[in-house]
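Have a look at the structure below, then the notes.
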Amino acid sequence: MKLPALLLSVTLAVSLGGAASSLSLKPLQVYSVPGADVERALELPGGQWLVSADNAVLVLGADLKVVRTMAALQGVVEHLALSPDGQRVAAMTGSQWAVWDLASGRVLGRGEGYGGIAFDAQGRVLLLDDGLLVRGDATGTGAFLPLDVDGEWYDFRLSPDGTRAVVTDGVVVQLVNVEDGKVLSEGELSDDYSDLAVDFAPDGSVVVRTDVETAILRGGEDALFLDEEEALDPEGTVLFLGEGEFVYGGWGDAQRYSLKTGEALGRSFDWDAEGRVVSSADGKASLALGRGVALFDTRRWKESGRVNLPSANAWLGAFLPDGTAYAGVDGFRNLKTGAALNVGPVNDLYDFDAQRGVIWTLNGTTVRVTEGGRVRQIAALDEDAEYEDLVATPDGSVAVASGYYGFAVLNAKTGKVVRRVTEDNLNAMKIEDVHAAAPTPDGKGVLLIPHEGDLRRYDVATGKLTVAFKAPAGAELQGLQLSPGGTLAVTYLDSKDAVQVALVKPGATTAFKTVPLGGRVRSVRFSPDGKLLAVLTSELKTPLYVLDTATGAVLTRTGEFSTTSSLLAWAPNGQQLMVGAGTAGQPGSVTVFSVLR
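What the sequence shown shows, in mature numbering (1 follows the signal peptide of the UniProt record, and there is no 0), is residues -19 to -1, 1 to 578, in sequence order.
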């Protein structure tokens, strides 16, 4: 599927609430770009599939084209369920859930929750509530009552027929009967795992995988743990395609295992799938997930016909000097034409920054700069600093690549590393490690957030270190950004863990204005003229702030985005502002606002 066929633009005319001011934001257009991550899928009648695509739930036809979109949630879908009668769909993120009518896509119920959502054998909604497994009505709009399942749990999975559940408190894992709470099988997991996958076999047994170990639960027996070297990664695939056995596949290899003994059967074989694979109940149809979806042949263990699906966000994006907007999930694409912008390889991209049409990219130890259609490579960096972040000056001429154990100053014009500061240099300056770094607008200094203490300024020519911002008592500095005129914005957690952004005038070391924020800061950007500061937070409601740089006044707040993204970019003329997410409850990946002053 070609990209332009997926690029959609929706013109919006929505009035925004916010503080009365001379500034307002109007959603000009919402664009959809391909690249959704698909982590979950369920078979539907007629060869259709129900899949999660970032924050949305999609119905795909047998040809893998989108038939219907259900997008009421904010955040990535972590759990997906279909009622036994096939008429209702439930999905949950890390904090929200919703139930839809499958035929119409209409929302039937919604709420807050974690740890999973499912339908029991009678089609009633099951959730976790403060550690208890509870059951409501068919839509989740009525009262939820606890089930007779003893224990305090934080995760559960339900069998396809809704009769059995696997519950865990992080150590104990049980297979229980939903109706009477009877424990059918039990085991004890290691307490240091971070991921969980549960697969119910047709014969009644269950394969439980964490990133540490694998167990097989079977009614009337204690949990059977596979040998430590046979632990199966939860990000791989378990398929039950034979009597009393299963196939585990991932990362190019697959192996058959006995459900009775947990032992490997025969030799390993090739497995060609980008992501996990989900099979239909009869095993005749299989779908490979990952970045989009593909058909999967279980005779050749090979996928084919991979299709990209519309994403709910964009991680990469920038405006060029002529005002053309580029954004995408795995590349910079013209939002109107779909044409790709060459910035060099973007696979394994650690970070990027775009200022005044100059785009910097960091791939491990390689830094590239793209300007005027030309891509140039900066001298390779060393590996010792563990570079992860890249920040450019407001004019894009200089950038700083930083990691915990050092930083490097880079010049776009010469293509050279101007200064490299190693771990030994940091130790000599009594800096334990670097949490964030940014160049001063003239490129002659670097502002550093150390492990603790005040924000420091490093002089590139002399190596001298001075205090640039005196951190308030008990504050934990988190991020920084500089305007073209040298005004500093520092984000931090105060002594009460409240999020704050401090504005500091050039030459000062204390804030002239501190603005409280309602959520974790994802991105901070000064407008090209330095008069406005855009702040994107993790809040669900009105997460986008625009501040007056001179006074610190909040001029407006807006937005209810489909998912959290750190992409925030100004057009060169300051008249447009890009956010890398669509509107909650609607299709879209990128929102471009018109800035009206």
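The C-beta atom is built at its ideal place from N, Cα and C for all residues, glycine as well.
### Where the beta strand (DSSP E) through leucine 549 begins and ends
Counting along the chain, the beta strand (DSSP E) containing leucine 549 begins and ends at 549 to 551.
#### Entry: Candidates Val189, Asp332 and Leu170: closest to valine 179 by CA position
Considering only alpha carbons, the answer is Val189.
### Task
Let me know if proline 302 comes out buried or exposed under the rule of 16 or more other beta-carbons within 10 Å of its beta-carbon.
exposed
### 8 Å contact criterion, which glycine 223 and aspartate 251 should meet: CB distance rounded
Not quite, the Cβ-Cβ distance comes to about 18 Å (not below 8 Å), so this is no contact.
### Query
Do leucine 484 and glycine 298 come within 8 Å of each other at the CB atom, strictly closer than that value?
Taking a C-beta distance under 8 Å as the contact criterion, glycine 298 and leucine 484 do not qualify as a contact pair.
### Task
Please say whether proline 553 and glycine 338 have beta carbons closer to each other than 8 Å?
yes
### Task
Let me know the secondary structure DSSP gives glutamate 369 once reduced to three states.
strand
#### Entry: Other residues of its chain near alanine 366: CB distance less than 6 Å, five sequence neighbours each side excluded
Gly384, Tyr386 and Gly387
### Query
Counting Cβ pairs, one atom from each stretch, are 3 or more of them under 8 Å apart for the region 163 to 177 and the region 186 to 202?
yes
### Local conformation of phenylalanine 493 per DSSP, three classes
coil
### Task
If I'm right that alanine 295 touches serine 519 with Cβ under 8 Å, what's the distance once you round it to whole angstroms?
Alanine 295 to serine 519, Cβ: 17 Å. No contact.
### Query
When DSSP builds the beta bridges, which residues end up paired with glycine 230?
Thr218 and Ala235
### Query
Straight-line CA distance for leucine 25 to glycine 304?
44 Å
### Message
For the region 343 to 363 against the region 439 to 458, do three or more pairs of beta-carbon atoms, one drawn from each stretch, fall closer than 8 Å, so that the two count as touching?
### Response
Too few Cβ pairs lie closer than 8 Å, so no.
### Task
Return the bridge partner residues of glutamate 520 from the DSSP annotation.
In DSSP, glutamate 520 forms no bridge with anything.
### Query
Smallest Cα separation from leucine 371: which of Arg91, Val527 and His416?
His416
### Message
For leucine 45 and alanine 22, I'd like the C-alpha separation in whole angstroms.
### Response
12 Å
#### Entry: glycine 420 versus arginine 578: straight-line alpha-carbon distance, rounded
One detail in the question is off: residue 420 reads as proline in this sequence, not glycine. Approximately 29 Å, taken between the alpha carbons.
### Query
Smallest Cα separation from phenylalanine 100: which of Val398, Ala34 and Ala62?
Ala62
### Task
Would you check if there are 3 or more beta carbon pairs closer than 8 Å linking the region 44 to 58 to the region 105 to 124?
no
### Task
Check the DSSP bridge columns for threonine 351 and list the partner residues they point to.
Ile340 and Val356
### Query
Cβ of leucine 177 within 8 Å of Cβ of threonine 149?
Going by C-beta atoms, leucine 177 is nearer than 8 Å to threonine 149.
### Message
Can you look up aspartate 423 in the DSSP assignment and give me helix, strand or coil?
### Response
coil
### Query
Are the beta-carbon atoms of valine 441 and valine 516 separated by less than 8 Å?
Against a cut-off of 8 Å, the Cβ pair of valine 516 and valine 441 comes out as no contact.
### Query
How about glycine 540 and leucine 525: do their beta carbons lie closer than 8 Å?
yes
### Cβ-based neighbour list, tryptophan 134, same chain, cut-off 8 Å, excluding 5 preceding and 5 following
Counting only Cβ-Cβ distances below 8 Å, and skipping sequence neighbours, we find Gly96, Leu109, Gly112, Leu113, Leu114, Val148, Thr149 and Asp150.
### Task
May I have the straight-line CA-CA distance separating valine 164 from alanine 182, to the nearest angstrom?
18 Å
### Query
Rounded to a whole number of angstroms, what is the C-alpha to C-alpha distance between residue 583 and glutamate 433?
Absent from the structure is residue 583, since the part of the chain shown begins at -19 and ends at 578.
### Task
Please list the segments of the beta strand (DSSP E) lying wholly inside the region 253 to 298, counting only runs of 3 or more residues, in order along the chain.
258 to 260, 267 to 269, 274 to 278 and 283 to 288
### Query
Under three-state DSSP, which class holds glycine 86?
coil
### Query
How long is the line joining the alpha carbons of threonine 532 and glutamine 556, rounded to whole angstroms?
Using only the alpha carbons, I get a separation of about 20 Å.
### Task
Measure how close the beta-carbons of leucine 240 and glycine 225 come, nearest whole angstrom, since I'm counting them as under 8 Å.
Right, the Cβ-Cβ distance comes to about 5 Å (below 8 Å), so this counts as a contact.
### Message
Is it buried or exposed, valine 152, if we count other Cβ atoms within 10 angstroms and call 16 or more buried?
### Response
Valine 152 is classed as exposed because its beta carbon has fewer than 16 other beta carbons within 10 Å across all chains shown.
### Task
Give the DSSP-derived three-state secondary structure of alanine 53 in the structure shown.
coil
### Query
Around the Cβ of glutamate 20, are there at least 16 other Cβ atoms within 10 angstroms (buried) or fewer (exposed)?
Classification of glutamate 20: buried, given that the 10 Å Cβ count is 16 or more.
### Query
Which one of Val310, Asn315 and Ala335 has the shortest CA to CA distance from valine 327?
Val310
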